[in-house]
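Undergrad: If you scroll down you'll find the structure; I have some questions about it.
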Amino acid sequence: MSFNERVAAWTEAELGVEGKVLEVVRAPAHVLSVPGKDVDPTAPETIQLAADLIATMRVSPGCVGLAADQVGVSARVFCVDVSTHVKTKTHHGTYVLCNAEVLEASRNEKAREGCMSVPDLTGDVKRASRLTVRGQLPVTGETVEIVTDAFEARCLQHEIDHTDGLLFIDRVAGAHALHQRQTYL
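If you use this note's numbering, the sequence shown corresponds to residues 579 to 763, in order.
Okay, here's the thing in structure tokens:
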């Protein structure tokens, strides 16, 4: 099974624990600006955190990814699921990565981003549209690589930034690239 296939085959049932919905931390909370600590992906607390991140993401409208710092935990863990987003081309379903890092990035493109920790703003952020990421799966600690593009690539970079203590507002070119979030009824 290739790395991408393993990630696409992963399910939250592998966690073996029930996730709890946690409160999402908002800027300027200190935890959002501090790089997270590497984790042991096989540790019970990491596995529970993974389940909690997925549970919290699922109840949050429009949420396609959530990092540990966004629920107040300074750890290099995040979940992603862009499968139902209208901008998605390539996707690997729902998954959690621990200790993730970007291996290759190319084709920078500017696009609008938002974040649950910065609920009132969106911003124009330049990011790679082709990406290779390496991380570890919770429970087994397996190292996987994800080769992806477009919206999933953007989402992965956004979540990895969270684990590095960065928000999308740290990546915009200036105040002109920030916008009030539009609410559509």
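Positions of the beta carbon are idealized from the N, C-alpha and C atoms, including for glycine. Keep in mind that this is a model prediction, so the values were computed, not measured.
Check LEU644 in the structure and name its three-state DSSP category.
TA: strand
Undergrad: Over what stretch of residues does the alpha helix (DSSP H) that includes ARG732 continue unbroken?
TA: 728-741
Undergrad: Use the C-beta contact count for LEU763: other C-beta atoms within 10 angstroms, 16 or more gives buried, fewer gives exposed.
TA: Any reading at LEU763 needs caution, since the residue's pLDDT is 42, under 50, leaving its predicted position unreliable; the model's value is listed next. Its Cβ having fewer than 16 others within 10 Å, LEU763 is exposed.
Undergrad: Against chain B, with Cβ distances strictly below 8 Å, would THR589 count as a contact?
TA: You won't find chain B in this structure, because it holds only one protein chain.
Undergrad: Nearest to LEU644 by alpha carbon, out of ALA653, PRO613, VAL595 and LEU631?
TA: LEU631
Undergrad: Could you give the first and the last residue of the continuous alpha helix (DSSP H) run that contains PRO622?
TA: 622-636
Undergrad: Measuring CA to CA, which of GLU601, VAL711, GLU723 and ARG654 is closest to MET635?
TA: GLU601
Undergrad: Relative to the alpha-carbon of GLN626, which residue among LEU593, ALA731, GLY701 and VAL603 has its alpha-carbon at the smallest distance?
TA: Comparing Cα-Cα distances from GLN626 to each of LEU593, ALA731, GLY701 and VAL603, the minimum goes to LEU593.
Undergrad: Do SER652 and VAL617 have their C-beta atoms within less than 8 Å of each other?
TA: no
Undergrad: Tell me, to the nearest whole angstrom, how far the beta carbon of SER657 is from that of THR672; I am working on the premise that it is less than 8 Å.
TA: Before going further, note that residue 657 is Cys rather than Ser in the sequence given. About 7 Å separates the two Cβ atoms, so the contact holds.
Undergrad: Classify LEU610 as helix, strand or coil using the three-state DSSP reduction.
TA: helix
Undergrad: If we count the other Cβ atoms within 10 Å of its Cβ and call it buried at 16 or more, is ARG705 buried or exposed?
TA: Buried.
Undergrad: Note down the Cα distance separating MET579 from GLU720, rounded to an integer number of angstroms.
TA: Below a pLDDT of 50, predicted positions are generally treated as unreliable, and MET579, at 49, falls in that range; no measurement from the model is reported.
Undergrad: Can you give the Cα-Cα distance for ALA621 and VAL717, rounded to whole angstroms?
TA: 7 Å
Undergrad: Taking only the alpha-carbon atoms, compute the straight-line gap between ARG732 and GLY752 and give it to the nearest angstrom.
TA: Distance between the alpha carbons of ARG732 and GLY752: 19 Å.
Undergrad: Beta carbon of GLU730, beta carbon of HIS669: below 8 Å?
TA: Against a cut-off of 8 Å, the Cβ pair of HIS669 and GLU730 comes out as a contact.
Undergrad: Please state the DSSP three-state secondary structure of ASP618.
TA: Correct three-state label for ASP618: coil.
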